[in-house]
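Step one of this worksheet: look at the structure below.
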Amino acid sequence: TGASVENTYIAWTASSSERIEYRLDTNSTKTGQVVFLQTAGGVSDIINSSSTAYSPGINVPISIASYHKENGINGAVDGTALTEDTTPVAFPNLSATDISIATTFNGVIQQFVMWSGDDIGDTGIEEASSV
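Residues are numbered in the numbering used here as their position in the sequence shown, beginning at 1, plus a constant of 1154.
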């Protein structure tokens, strides 16, 4: 529909300065770009998939994963890791905040997994997004 935030898959938001989001962007020449966002202390770091990662339509299967840490963020789409952003210097303070999953989503979620502690790295997010 040409929206910069067509859909929000995950929003873990304490404030606009402290958040993690997965979004679908269909703005301008993008027909299905997945955006992985991490904002800590008001500084945002973003990883984008290709602008055509997902085609418009109904019953389009998606499989995405990411990792977020104080010194890096990366995402994977359909079993392929993107290029890590190593510029973050902090992890968002989300300890007292609930995570929202698929609040504007009409579909079926077959699996949701959240890791804590160990860094699963690119290999882990590739595997997680290839299901």
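Ideal Cβ positions, reconstructed from N, Cα and C, are used throughout, including at glycine. No experiment lies behind these values; they were computed from the predicted model shown.
Whole-angstrom distance between residue j and residue i, CA atom to CA atom
i	j	result
valine 1197	proline 1210	31 Å
phenylalanine 1190	aspartate 1252	18 Å
isoleucine 1274	serine 1182	34 Å
methionine 1268	serine 1283	13 Å
alanine 1168	glycine 1271	20 Å
glutamate 1280	glycine 1195	28 Å
serine 1254	leucine 1178	15 Å
serine 1170	proline 1215	29 Å
arginine 1173	alanine 1250	12 Å
tyrosine 1221	threonine 1258	22 Å
asparagine 1225	glycine 1186	27 Å
tyrosine 1176	threonine 1155	18 Å
valine 1262	tryptophan 1166	20 Å
alanine 1109	threonine 1162	This structure does not reach residue 1109, given that the chain is present from 1155 up to 1285, and the question cannot be answered.
Delimiting residues of the alpha helix (DSSP H) encompassing residue i
i	result
threonine 1277	1275-1282
The beta strand (DSSP E) enclosing residue i, as first and last residue numbers
i	result
aspartate 1179	1172-1179
Per DSSP, the bridge partner or partners of residue i
i	result
threonine 1167	Arg1173
threonine 1162	Arg1177
Proximity of residue i and residue j at Cβ, strictly below 7 Å
i	j	result
isoleucine 1227	glutamine 1192	yes
aspartate 1239	isoleucine 1201	yes
alanine 1235	aspartate 1276	yes
valine 1231	alanine 1207	yes
lysine 1223	serine 1205	no
Go through the segment 1193-1267 residue by residue and report every complete run of the beta strand (DSSP E) that reaches 3 residues or more, in order.
-> 1197-1202, 1218-1223, 1226-1231
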